[in-house]
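Just below is one structure, and these are the notes that go with it.
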Amino acid sequence: MSTLRLLDRPSPNFDVRSRAIDLVVLHYTGMQDAETALARLTDPAPTAGKYPGPWQDANVALDAPLARVSAHYVVGEDGTIFRVVPEQSRAWHAGASSWRGEGDVNSRAIGIEIVNGGHDFGLPDYPAQQIDAVVALVEDILARNHMKPSQVVAHSDIAPERKQDPGEKFPWKRLADAGVAVWPENISSERAEHSVVTVQTQLASIGYAVKQTGVLDSQTKAALMAFQRRFRPALIDGVADAETQALIAALAHTS
Numbered sequence: 075m076s077t078l079r080l081l082d083r084p085s086p087n088f089d090v091r092s093r094a095i096d097l098v099v100l101h102y103t104g105m106q107d108a109e110t111a112l113a114r115l116t117d118p119a120p121t122a123g124k125y126p127g128p129w130q131d132a133n134v135a136l137d138a139p140l141a142r143v144s145a146h147y148v149v150g151e152d153g154t155i156f157r158v159v160p161e162q163s164r165a166w167h168a169g170a171s172s173w174r175g176e177g178d179v180n181s182r183a184i185g186i187e188i189v190n191g192g193h194d195f196g197l198p199d200y201p202a203q204q205i206d207a208v209v210a211l212v213e214d215i216l217a218r219n220h221m222k223p224s225q226v227v228a229h230s231d232i233a234p235e236r237k238q239d240p241g242e243k244f245p246w247k248r249l250a251d252a253g254v255a256v257w258p259e260n261i262s263s264e265r266a267e268h269s270v271v272t273v274q275t276q277l278a279s280i281g282y283a284v285k286q287t288g289v290l291d292s293q294t295k296a297a298l299m300a301f302q303r304r305f306r307p308a309l310i311d312g313v314a315d316a317e318t319q320a321l322i323a324a325l326a327h328t329s
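Set out below in structure tokens:
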């Protein structure tokens, strides 16, 4: 990683991995600025009063303890990469989540937090130099861990009922063009309507935690919205319309 611009900002918030790395999870920080996010990710005893924001109840006690969190890397808006937790350790970034039928994503993933205010702060655009740094970092991680672009996912992919990051403005196509993420290709022009079970089966084959119930339930709708947020951000409504179905089928075919 000598070609990357790295600064060490170590966090005490980690523990021991229980399995090999097979995922890279991309997040946005969702906080006011980089320094606030870095402070939160490296705080061994966070309290509500230290990190006020729209994510908290206005009446919360200032000394109320918050969960300790961390990630392996934080990528600043200027492209600076902060090394927060060693890759061989288990950082605390994913929360309750699942991908390809397996939970405890923290034990199997490298977490990258990308500095961006997120939905709570107007979902700003991602600067080009920041995305260039993300691409370089992910490329390096994949090469060293002998991983594929399909193993790079969004926080919203692994926890669609809870999370929206890195958000619909994140340029996934730019990462795919660089060979460090997937993108639907060979999309069929057929307008055949797929059953709900077919859509659920295809979403599950991609990796989403969706059961084949035959009903457009809340879990399926959340997964559809996560898929649209990443691959069809112009309309995120949780509806399996013809365009969404075609994109899902194309990606499922290559998964």
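Just remember that our numbering sits 74 ahead of the position in the sequence shown, which is counted from 1.
Glycine included, every Cβ here is placed at the ideal spot set by N, Cα and C.
If you draw a 10 Å sphere on the C-beta of W129, you find fewer than 16 other C-beta atoms in it, and that means exposed.
The three-state reading of DSSP puts S329 in coil, since its state is none of H, G, I, E or B.
In the same chain as A111, and ignoring 5 residues on each side of it, the C-beta atoms closer than 7 angstroms to its own belong to T103, M105, V148, E187 and V189, in chain order.
H101: not part of any alpha helix (DSSP H); member of the beta strand (DSSP E) spanning L97 to Y102, first to last residue. The distance from the Cβ of G241 to that of G192 is about 6 angstroms, consistent with a contact at the 8 angstroms cut-off. Within the DSSP bridge table, the entry for D89 names R164 as partners. DSSP places T272 within a helical segment (H, G or I) once states are collapsed to three. In the three-state DSSP reduction, E151 falls in the coil class, being neither helix nor strand.
Annotation: T272 to R265 spans about 15 angstroms, alpha carbon to alpha carbon. Bounds of the alpha helix (DSSP H) holding I215 are A202 to N219. The way I'd put it, the region 282–300 doesn't touch the region 250–261; fewer than three beta-carbon pairs between them come closer than 8 angstroms. Look at the beta carbons and you see the region 148–165 touching the region 79–92: at least three pairs across the two are nearer than 8 angstroms. Assigned with DSSP and collapsed to three states, P223 falls in helix. In the displayed model, A183 falls within a strand according to three-state DSSP. In this structure, L325 is the residue among V143, N133 and L325 with its C-alpha nearest to the C-alpha of S224. With 16 or more other CB atoms across the displayed protein chains lying within 10 angstroms of its CB, I322 is buried.
Distance check between L140 and each of F156, F195, L277 and A119 places A119 closest, using alpha-carbon atoms only.
In this structure, I232 lies near V99, with their beta-carbon atoms less than 8 angstroms apart.
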